[in-house]
Structures are given as C-alpha cells and as structure tokens.
C-alpha cells in the first residue's frame, strides 16, 4: 500500500557543497549540518517518510528548484554534531543527548528545466511561497501541495506560468 503524502517541503542547498546531481549520484543522503532550531524541529517532528522535498539551489548564479527528493525515513541524530573534525561539530551535544536531528533524503528526479526565482515570481499560485518572502532564510521550509504541484509541472516543462 503506498504511503499517503501529507507534507511537502523545500530544502535549500548550495550546489558547490551538495547539489541535486550529488543526490542523484548518491541515491540517498543524510540531510546534515542544519543548525537552526526551527528547521531542526521541522525535520525532527514534522517530516515523515515518503513526503516530497523540492531541492532548491542557493548561493549560485541561477537560484531555483532543480529537482525532487523524498524523505527516506524518520529523523535521527545528525552525525556531524559528534565529529570534532566537522564544521558542524557541537561540543554541547552527545549521543545520549543529541541536539541536532535530520532525515535522510532519497533522490527522485532532476528537472529538465530549473524552476528559477524569476519563474516563481511570474507564476500564478506561487505568490505566497515561503522561499520568495523577504527575509525568509530557513534552509528547510514547508510548501503547500498546490505550490509543490505547480513547481513540479514547471520543472517537468508541462506547466504554464499563468
């Protein structure tokens, strides 16, 4: 019986650190290194296996959504918080009392056409999407089912902006 998808997400990543192409190559990865309590709570408490995630490339020449992943399992302690060689090491965290949690994400698809910020700005139905709001700096944020489906159609090249 297929899992009912009840939540939709957008996850930002810098493509020179980890891109949709890296996820396609790896198949699955720990979505680690997030050090924001609100995002940790989203990932730990609200993300469920099978939910879909738009992969958004930030800090690059063409900002936008480049593909889709899915939540591969329940959140678990972020392994990077325990590694003193990691830039995400947290000396106040321990395996008995982890501070940071993350899910694993599994590759689903790469879009034939990235859905750029400009495309989102010009597309009916995306007026309220969180990633376009001024000051919205969260690296993982919820999106509505309608927003997800609009971006999916645009990325696959089978949707119109208006």
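In the working numbering, the protein residues as written are -15 to 146.
The beta-carbon is built from N, C-alpha and C at its ideal position, and this holds for glycine as well.
What you are looking at is a predicted structure, and each value in this text was computed from that prediction instead of being measured.
Give the DSSP bridge partners of residue i, in chain order.
| i | result |
| --- | --- |
| residue 48 | 41, 100 |
| residue 78 | 81 |
| residue -8 | 36, 127 |
| residue 88 | 14 |
From this set, the options, which residue's C-alpha is nearest residue i's C-alpha?
| i | options | result |
| --- | --- | --- |
| residue 87 | 98, 130, 13 | 13 |
| residue -10 | 17, 113, 36 | 36 |
| residue 93 | -4, -6, 5 | 5 |
| residue 71 | 11, 19, 7, 141 | 19 |
What do you get for residue i, buried or exposed, if any count of 16 or more other CB atoms within 10 angstroms of its CB means buried?
| i | result |
| --- | --- |
| residue 33 | exposed |
| residue 26 | buried |
| residue 59 | buried |
| residue 107 | buried |
| residue 132 | buried |
| residue 61 | buried |
| residue 51 | buried |
| residue -4 | buried |
| residue 75 | exposed |
List the whole-angstrom C-beta distance separating residue i from residue j, where the pair is believed to meet the contact cut-off of C-beta under 8 Å.
| i | j | result |
| --- | --- | --- |
| residue 128 | residue -8 | 7 Å |
| residue 120 | residue 105 | Not a contact, Cβ separation roughly 14 Å. |
| residue 49 | residue 139 | 6 Å |
| residue -6 | residue 103 | Between residue 103 and residue -6 the Cβ distance is about 14 Å, and since that is not below 8 Å, they are no contact. |
| residue 122 | residue 23 | 5 Å |
By the three-class DSSP mapping on this structure, what secondary structure does residue i have?
| i | result |
| --- | --- |
| residue 3 | coil |
| residue 27 | helix |
| residue 115 | helix |
| residue 73 | coil |
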